[in-house]
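Keeping their order, the protein sequence lines are chains A and B.
Per the numbering used here, the first sequence runs over residues 16 to 35.
Per the numbering used here, the second sequence runs over residues 355 to 488.
No residue lacks a Cβ here, since even glycine has one placed at the ideal position from N, Cα and C.
Because the structure is a prediction, the values reported are computed rather than measured.
Let me begin by presenting the structure, written as structure tokens, before commenting on it.
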Amino acid sequence: IDSEDDLLQECISSAMPKKK
Amino acid sequence: PTPPYLKWAESLHSLLDDQDGIQLFRKFLKQEDCADMLDFWFACSGFRKLEAHEGNEEKKVKLAKAIYKKFILDNNGIVSRQIKPATKCFIKDCLMRRHIDPAMFDQAQAEIQTMMEENTYPLFLKSDTYLEYA
């Protein structure tokens, strides 16, 4: 379950804009 | 130069293109109990961006299932309630046939985006959270 959550978090972060 | 918080009021996309804007919008959505909508929107974008190099296929299946399980499966969830039944069926069908396509969540994402554009985003711009920040 943890790894599923991690995967989801990683996916969400990957779509966020990078710090300007 | 235009301050960032004024840019956020131009469109949902200008808001979601800025880390501080996202953070503030998320704070507002959390108060309204609908932060999942934002997470889902970004999860869909992240899923679409996953590249198709070797070894990624398993990861894609796992991720698609995780997104489905967290946001769509529970019919009472805030995201699930905003997505059309036909769209949910389409995603479920893709998963069952293991037909994992980068665009499989696009329609669901569009439905959530419309909901944010018409509802939570205008409310955010009028909220104390935004006004106090501005």
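| query | result |
| --- | --- |
| Near-chain A residues of the segment 401 to 420 of chain B (beta-carbon distance less than 9 Å), N- to C-terminal order | Phe-401, Arg-402, Lys-403, Leu-404, Lys-413, Lys-416, Leu-417, Lys-419 and Ala-420 |
| Span of the alpha helix (DSSP H) around Ile-421(B) | 410 to 421 |
| Terminal residues of the alpha helix (DSSP H) in which Gly-431(B) lies | From DSSP, Gly-431(B) is part of no alpha helix (DSSP H); its letter is neither H nor E. |
| For Phe-394(B) and Ile-454(B), believed in contact at Cβ under 8 Å, the rounded distance | So it is not a contact: roughly 17 Å between Cβ atoms. |
| Closest by C-alpha distance to Lys-320(B), when choosing among Ile-426(B), Glu-471(B), Asp-428(B) and Cys-398(B) | Nothing can be reported for residue 320(B), as the shown portion of chain B is limited to 355 through 488. |
| Alpha helix (DSSP H) segment containing Asp-447(B), residue limits | 439 to 450 |
| Proximity test, Cβ basis, 9 Å: Lys-446(B) and chain A | no |
| Alpha-carbon to alpha-carbon, Cys-448(B) and Pro-357(B) | 43 Å |
| Buried or exposed by the 16-neighbour rule on C-beta atoms within 10 Å, applied to Lys-424(B) | buried |
| Cβ pair Ala-462(B), Ile-445(B) closer than 9 Å | yes |
| Helix, strand or coil at Trp-362(B) according to DSSP, with G and I counted as helix | coil |
| Rounded separation between Thr-441(B) and Arg-452(B) - CA only | 16 Å |
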